[in-house]
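Asker: According to my numbering, the sequence shown is numbered sequentially starting from 28.
Just so it is clear, CB atoms sit at the ideal spot from N, CA and C, and this is done for glycine as well.
Okay, handing you the structure first.
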Amino acid sequence: MSKPGKRPQRQKLQLLRPEKLSDYHHKQAAHTLLGLISLPLLVCLLAAYSHPEHRAVLLLASGVLILGAALFSSLKIEVKDQTLYWSFGFGLIRKQQSLNEVSRAEITRSTWLEGWGIHYTKRGWLYNVSGRDAVLITLASGKSFMLGSDDVIALWEAIQFRLKD
Numbered sequence: 028m029s030k031p032g033k034r035p036q037r038q039k040l041q042l043l044r045p046e047k048l049s050d051y052h053h054k055q056a057a058h059t060l061l062g063l064i065s066l067p068l069l070v071c072l073l074a075a076y077s078h079p080e081h082r083a084v085l086l087l088a089s090g091v092l093i094l095g096a097a098l099f100s101s102l103k104i105e106v107k108d109q110t111l112y113w114s115f116g117f118g119l120i121r122k123q124q125s126l127n128e129v130s131r132a133e134i135t136r137s138t139w140l141e142g143w144g145i146h147y148t149k150r151g152w153l154y155n156v157s158g159r160d161a162v163l164i165t166l167a168s169g170k171s172f173m174l175g176s177d178d179v180i181a182l183w184e185a186i187q188f189r190l191k192d
């Protein structure tokens with residue numbers, strides 16, 4: 028265990044050996060986002076209970092917050108064979124990218140302005156639910172996108188290994 032106040036040292040990047048490589052699967056929960064949504068949800072529900080004249084609007088707002096929480100509660104990233112898959116929440120929002128079209132993958136950090144969610148940044152599309160660590164994927168076409176993850180080293184290794192095929 029490290030001493031309080033000391034930052035843990037970063038692990039050195041080492042590519043996985045082929046005999047240890049399997050498909051990559053990781054699901055990151057959006058704890059901060061869910062925490063931020065829970066307060067307004069609680070306020071809406073309490074206000075709906077105490078103000079019957081506004082109940083319909085407040086319950087509708089609560090439903091929108093619950094839907095947003097369900098859609099963006101997590102980000103699941105998978106690398107299977109030569110394809111990269113990612114999906115949010117229960118899977119309604121999902122994408123995939125053939126790794127045959129990827130020219131480069133690099134570990135990066137998003138800026139606080141780039142934030143979380145799904146949106147376009149100056150470095151391409153960002154898909155993120157929490158934190159600032161990401162893997163920047165550059166396609167042969169020149170387009171790029173970022174996948175946020177709390178497991179960037181293992182994600183990068185899984186992609187990097189397949190780019191050498």
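What separation, rounded to the nearest whole angstrom, lies between the Cα atoms of residue 62 and residue 89?
Answerer: Using only the alpha carbons, I get a separation of about 14 Å.
Asker: Would you list the one or two residues that DSSP bridges to residue 51?
Answerer: Bridge partners of residue 51: 106.
Asker: Grab the span of the alpha helix (DSSP H) containing residue 144 for me, first residue to last.
Answerer: No alpha helix (DSSP H) holds residue 144; the beta strand (DSSP E) holding it covers 144-148.
Asker: Candidates 126, 139, 69, 178: which alpha carbon is nearest residue 167's?
Answerer: The shortest Cα separation from residue 167 among 126, 139, 69, 178 belongs to 126.
Asker: With a 10 Å radius around its C-beta and 16 neighbouring C-beta atoms as the bar for buried, classify residue 222 as buried or exposed.
Answerer: This structure does not reach residue 222, given that the chain is present from 28 up to 192, and the question cannot be answered.
Asker: If we count the other Cβ atoms within 10 Å of its Cβ and call it buried at 16 or more, is residue 157 buried or exposed?
Answerer: Buried, since its Cβ has 16 or more Cβ neighbours within 10 Å.
Asker: What's the C-alpha gap between residue 163 and residue 94?
Answerer: Between residue 163 and residue 94, the C-alpha separation is close to 28 Å.
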